[in-house]
Structures are given as structure tokens and as C-alpha cells.
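The sequence shown runs 1 to 342 under UniProt numbering.
For each residue, glycine too, the CB sits at the ideal point set by N, CA and C.
For clarity, every value in this text was computed on a predicted model and none was experimentally measured.
Structure first, then comments.
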Amino acid sequence: MSEYLPGLIWLVVLLVANAFFVGAEFAVISARRSQIEPRAAAGSRAARTTLWAMEHATLMLATSQLGITVCSLVILNVSEPAIHHLLEYPLGWTGLSPTAVTGVAFAVALLLVTFLHVVFGEMIPKNIAFSVPDRAALILAPPLVFVSRLVRPLIWALNWVANAILRLFRIEPKDEAQSAYTIDEVATIVEESQREGTLVDDSGTLTAAFEFTEKTVADVEVPMKDLVLLPADPTPRQVQEAVSASGYSRYVVRNGEAPHAYLHLKDVLDLTDLDEPIPADRLRDLPTVEAAAELEDALAQIRSRNAHVALVAAAGGTVTGVLFLEDIIEELIGEVQDAASA
Numbered sequence: 001m002s003e004y005l006p007g008l009i010w011l012v013v014l015l016v017a018n019a020f021f022v023g024a025e026f027a028v029i030s031a032r033r034s035q036i037e038p039r040a041a042a043g044s045r046a047a048r049t050t051l052w053a054m055e056h057a058t059l060m061l062a063t064s065q066l067g068i069t070v071c072s073l074v075i076l077n078v079s080e081p082a083i084h085h086l087l088e089y090p091l092g093w094t095g096l097s098p099t100a101v102t103g104v105a106f107a108v109a110l111l112l113v114t115f116l117h118v119v120f121g122e123m124i125p126k127n128i129a130f131s132v133p134d135r136a137a138l139i140l141a142p143p144l145v146f147v148s149r150l151v152r153p154l155i156w157a158l159n160w161v162a163n164a165i166l167r168l169f170r171i172e173p174k175d176e177a178q179s180a181y182t183i184d185e186v187a188t189i190v191e192e193s194q195r196e197g198t199l200v201d202d203s204g205t206l207t208a209a210f211e212f213t214e215k216t217v218a219d220v221e222v223p224m225k226d227l228v229l230l231p232a233d234p235t236p237r238q239v240q241e242a243v244s245a246s247g248y249s250r251y252v253v254r255n256g257e258a259p260h261a262y263l264h265l266k267d268v269l270d271l272t273d274l275d276e277p278i279p280a281d282r283l284r285d286l287p288t289v290e291a292a293a294e295l296e297d298a299l300a301q302i303r304s305r306n307a308h309v310a311l312v313a314a315a316g317g318t319v320t321g322v323l324f325l326e327d328i329i330e331e332l333i334g335e336v337q338d339a340a341s342a
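What follows is the structure, encoded as C-alpha cells:
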């Protein structure tokens, strides 16, 4: 029995090694940066190493595949003879010929090693890595990085060959694991979560956020004919009258027939002479956005100018209307009281 013990010990060691490489491989590509980065920022050395592994995913995958391949090839060679010879004794009592005993023992040993390899060396570590990817990555990534550095020249050569073959097929290799989602992927996740009852969106805010990304400025702009316009050189009294009539807090000021600035109600609250024209430095500039621009791009442009209102121009440069910040917000969260003007 003692002569077969090393083979059985090697079987356990190689199963554990194979499980490590499998678990590390799936953990590195499944872990989320958003969960690892705060730990790294807090000073966790394991988290910093895990981030490095995620940023060099192809190197980690090559290391894992090399380890799995070596373990798979060696495990049968070192363990099968021990199991094979152990089974020959009981099978010899069956009266089978030596040739038959050898054949049956080999088949049983092969099936047993394959079962142990698939279940304990592959499936269980893979499922653990998928179930708790962040925790598994923090535990398994650091030793995987250590192993990759030990065999770096070999891994580099294998990785270079693999990447060269990919480029022949016009596929650009990626070094970093993709841990972000596209807007379509997030929308699908939300939709399925609502269908399964794990997410409730009674207010419609989430749905509006996804639809928001599909809209353009032209879908939300207020046409010129619907605007409440102040004349050129408006007075505080005219602003008061506009507020009394419409109830809005922001008004576009025209220069002739074309709008050229806007006023917020608070810009004139401290003015005591109600019939004196409002000082020009109180008027706010109107940035211009294209009617065909996506709504989120227009929002970014308006915010960069610290404005609440923008002119909307068609492809030829003709002003077609005005875009109010409140109207953009309404696309996301629903009706907002005190709309700017329209």
C-alpha cells in the first residue's frame, strides 16, 4: 500500500492545483472593479494586486491555462498507476484473466480520475468563483500573479503567439477584463429584474433614464411661438408682469425678433427702480445647441456653460426654439413645477 501512497497524494495535490487555476481564472474575469478599487484605495495590498491582475487579464488567463494544462496532463500519469494497481488486487479474485484485470482496472482508474478532475478540479472552483467573484479574486489573484511572474518568459511567448494569431484574423486582443456594462446591457438587466419582481420602478424613473438616452434636442425643445419673450432692454416691472401672467422664473430676452439672452427672476429682485432698464450685465448668455444633438450631450454642454437655457439651431443655423434645463430634467424624473418658459 505504501508504494502507491505517493501517487494518491499527488492526485490530491494536483486536484487542488487545478482547482486553484480554474478558480483564479474565472475570478479575475468575473470580479468587479467597483468592488475592488475601494479596498485598494484603503491600502489593501491584495486588492492592488487583484486590480493589476484584472488589468493584465490575458496574462492571467495564459498563466491559468498553462497551469490547468500541466495539471491535467500530469494528474493521470502520476495517479492512474497507483489506482490501477490498487484495483488489480480485488479484481484478481474475480477469476478474470490478467489481461482482463489490467483492462478493467485501467478503465475504472481512468473514469475515477476523470470524475474527480471534472468535479473537484473544474466545476466546484468555477461555481465558487462565479458565486463570490470579488472575494475569490482577492484570495486567488495574488498567488496567480506570483506564479505568472515565475513563468513570465514562457507565458509571454505563448501570449505573443496567441495575440499574433488573433491579429491575423483582425481581432484586437484585450489586456483588461471588461467590468463595465453598456447602456443596452443595463436596460436589459433592469427589464429582466422588473419581470422577475426583484426590481420595482413605479415612478418610471429608470425607464425614463434609458429612453432619455435615445432622445434628441428636437424632441424636447420649446418652439419659438410658445415662448414668453421679454422685449429688448426689459425693465423689472415687465419681468414682474411676465411672472404674474405666466408664473415662470426664467424668460428669454429678444433683440428684435431673435432671442439673445435670458433672465432669471432672482436677477432683478434687488432692483428698486422698476421702470429703469435692467443692467446689461444682469442678462445671461444663451449657449446654442444643435437640434439633432443627443439630449445627454446637450445637457453636458449647458452644464459646462453654467446655464439653464439654450438656443436650439437647425442644421442650417436657423433658430427653431429654446431648450430649458427643467425640460431635460423632466425627461428623467417626471413633471417639474416652475418650468422655465413655454
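With burial defined as no fewer than 16 other Cβ atoms inside 10 Å of the residue's Cβ, what is the status of residue i: buried or exposed?
| i | result |
| --- | --- |
| Glu257 | exposed |
| Ser79 | buried |
| Arg250 | buried |
| Leu263 | buried |
| Met123 | exposed |
| Ala53 | buried |
| Pro38 | exposed |
| Pro259 | buried |
| Ala42 | exposed |
With a CB to CB cut of under 7 Å and the five nearest residues on each side skipped, what residues in its chain are close to residue i?
| i | result |
| --- | --- |
| Thr314 | It should be pointed out that residue 314 corresponds to Ala in this sequence rather than to Thr. Answer for Ala314: Ala291 and Thr320, listed in chain order. |
| Val74 | Leu14 |
| Trp10 | Val78 and Ser79 |
| Ala164 | none |
| Asn159 | Thr58, Leu59 and Ala62 |
| Lys215 | Leu295 and Glu331 |
| Ala261 | Val253, Leu283, Arg284, Asp285 and Leu286 |
| Ala27 | Ala129, Pro133, Ala136, Ala137, Leu140 and Ala141 |
| Leu76 | Val113 |
| Ile68 | Asn18, Phe21 and Val22 |
| Ser46 | Correcting the residue type first, residue 46 is Ala in the shown sequence and not Ser. Leu138 and Pro142. |
| Asp275 | Thr235 and Arg237 |
| Arg170 | none |
Leaving out the 5 sequence neighbours to the left and right, which residues in its chain are closer than 8 Å to residue i when beta-carbon positions are compared?
| i | result |
| --- | --- |
| Glu172 | Leu166 |
| Leu112 | Ile83 |
| Pro287 | Gln301, Ile302, Arg305, Ala307, Ala310 and Leu311 |
| Ala242 | Val228, Leu230, Tyr248 and Tyr251 |
| Val12 | none |
| Asp219 | Leu295 |
| Val104 | Leu87, Leu91 and Leu96 |
| Leu154 | Leu66 |
| Val151 | Thr63 and Leu66 |
| Asp273 | Pro236 |
When you compare the CB positions of residue i and residue j, do they come within less than 8 Å of one another, or not?
| i | j | result |
| --- | --- | --- |
| Ala19 | Phe120 | yes |
| Phe115 | His84 | no |
| Pro236 | Val268 | yes |
| Ile36 | Thr50 | yes |
| Ala293 | Val228 | no |
| Leu66 | Glu25 | no |
| Asp134 | Arg32 | yes |
| Val147 | Glu221 | no |
| Gly7 | Pro98 | no |
| Ala298 | Val289 | yes |
Could you pull out every residue in the same chain whose Cβ sits closer than 6 Å to the Cβ of residue i, ignoring the five residues on either side in sequence?
| i | result |
| --- | --- |
| Ala17 | Cys71 |
| Pro125 | Ala19, Val22 and Gly23 |
| Val239 | Val268 |
| Asn255 | Ala232 |
Throw me the rounded Cβ distance for the residue i and residue j pair, which I believe falls under 8 Å.
| i | j | result |
| --- | --- | --- |
| Pro234 | Val253 | 6 Å |
| Val108 | Glu88 | Contact flag wrong, Cβ pair sits at about 10 Å. |
> Would you call the region 292–312 and the region 320–329 touching, i.e. three or more CB-CB distances under 8 Å?
Replying inline: Yes, the region 292–312 is in contact with the region 320–329.
> Would you say the region 130–147 touches the region 93–101, given that touching needs at least three Cβ pairs under 8 Å?
Replying inline: Contact fails: fewer than three Cβ-Cβ distances are below 8 Å.
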